[in-house]
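What follows is a set of notes on a single structure, which appears directly below.
Residue numbers (this note's numbering), protein chains in the order written: chain Y, 1 to 136; chain V, 137 to 288.
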């Protein structure tokens with residue numbers, strides 16, 4: 001982590017999505033930056049979704065397709081007049097295909113400081129069970 | 137001359153060969169303005185973080201997207217009519233043996249100074265951090281506020 005400490009953060013443009021499926025409401029849609037890593041027991045996904053509140057976040061997993069949707073709250077009061085606008089505010093959308101079988105019942109999601117942490121536990125492999133035969 | 141007529145090359149004004157370019161640039165600007173109204177995301181100072189600055193008659197509102205940064209790692213200062221934001225984004229390394237599939241989130245330090253268009257009251261500046269969005273409310277100095285003038 002030594003070189004990471006010395007690094008200066010650079011501006012990265014928020015990635016706007018061209019056409020994310022069917023859009024019913026107008027507005028910009030952005031792709032959140034993610035980290036995905038895997039251990040023996042689980043897959044963890046971290047996504048930067050600034051401005052998204054828990055009730056506006058939707059996580060959907062079906063047929064091995066994980067979909068993240070989040071809507072950032074309105075940026076200030078309508079009475080405010082823009083002076084400098086450098087970033088856009090809108091929805092976040094991203095979809096992933098998972099290769100591992102996930103234990104749906106144990107999925108955990110936590111949203112803190114605009115970062116989503118999603119834990120997807122892998123299905124436990126059928127543990128070998130020893131069957132003892134009792135003599136009759 | 138035949139060449140020019142055949143291929144329909146616009147008739148450049150010899151005196152100011154750049155007037156055509158100037159016109160195109162202006163049209164492009166108008167087009168962008170129409171798309172984003174007065175918001176032009178993408179035109180930024182190139183310094184992290186990108187900010188949105190708005191105002192009303194009383195205040196300036198400065199907002200920045202800073203996901204995963206705690207209030208303790210953020211330093212906000214107001215001097216004169218400048219606001220400075222600095223801090224560090226830390227991404228703690230994961231415990232145990234993990235293999236990365238994607239790593240798009242970045243950690244590092246940042247520091248930025250924003251010049252506000254008018255004088256401010258540094259005493260009344262309030263900053264809050266919620267859901268990864270920093271919001272700084274900067275009251276305008278008494279003399280910078282617009283004043284309603286009644287006609288006698």
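We put the CB at the ideal spot given by N, CA and C, even for glycine.
Keep in mind that this is a model prediction, so the values were computed, not measured.
* Asked: Alpha carbon to alpha carbon, what distance is there between residue 105(Y) and residue 182(V)?
  -> Answer to the nearest angstrom: the Cα atoms are 44 Å apart.
* Anyone know if the C-beta pair for residue 273(V) and residue 281(V) falls short of 9 Å? -> Taking the C-beta atoms as reference points, residue 281(V) is found no nearer than 9 Å to residue 273(V).
* Buried versus exposed, by CB contacts within 10 Å (16 or more), residue 157(V) -> Exposed is the call here.
* Identify every residue that forms a DSSP beta bridge with residue 52(Y). => Residue 52(Y) pairs with 72(Y).
* To do: List the DSSP bridge partners of residue 274(V).
  => 196(V), per the DSSP bridge assignment.
* From what residue to what residue does the beta strand (DSSP E) around residue 92(Y) run? -> 91–97 is the span of the beta strand (DSSP E), which, as asked, contains residue 92(Y).
* To do: Compute the Euclidean distance between the alpha carbons of residue 16(Y) and residue 71(Y), then round it to the nearest angstrom.
  => Roughly 14 Å separates the two Cα atoms.
* **Limits of the unbroken beta strand (DSSP E) element including residue 77(Y)** => Neither: residue 77(Y) is in no beta strand (DSSP E) and is coded neither H nor E.
* To do: Leaving aside the five residues before and after residue 116(Y) along the sequence, list all residues of the same chain whose C-beta is less than 6 Å from its C-beta, in chain order.
  => If we look at residue 116(Y) and ignore the five residues flanking it on each side, its Cβ neighbours are 47, 49.
* To do: Please confirm if residue 9(Y) has its CB atom under 9 Å from at least one CB of chain V.
  => It does: the Cβ of residue 9(Y) has a partner Cβ on chain V nearer than 9 Å.
* In angstroms, rounded to a whole number, what distance separates the CA positions of residue 257(V) and residue 220(V)? -> The alpha-carbon of residue 257(V) is positioned some 15 Å away from that of residue 220(V).
* Asked: Quick one: which chain Y residues come within Cβ less than 8 Å of residue 297(V)?
  -> Outside the displayed range of chain V (137 to 288) lies residue 297(V), so it cannot be described from this structure.
* To do: Return the residue from the list 284(V), 278(V), 245(V) that minimises the CA-CA distance to residue 11(Y).
  => With respect to the C-alpha of residue 11(Y), the residue from 284(V), 278(V), 245(V) having the closest C-alpha is 245(V).
* Consult DSSP for residue 174(V) and reduce its assignment to one of helix, strand or coil. => With a pLDDT of 49 at residue 174(V), under the threshold of 50, the predicted position of this residue should be treated as unreliable, though the coordinate-derived value follows. Under the three-state reduction of DSSP, residue 174(V) is assigned to coil, being neither helix nor strand.
* Asked: Under the DSSP definition of a beta bridge, which residues are partnered with residue 219(V)?
  -> Beta-bridge pairing links residue 219(V) to 214(V), 250(V).
* So residue 37(Y) is in the beta strand (DSSP E); what residue range does that whole segment cover? -> That run of the beta strand (DSSP E) goes 34–38.
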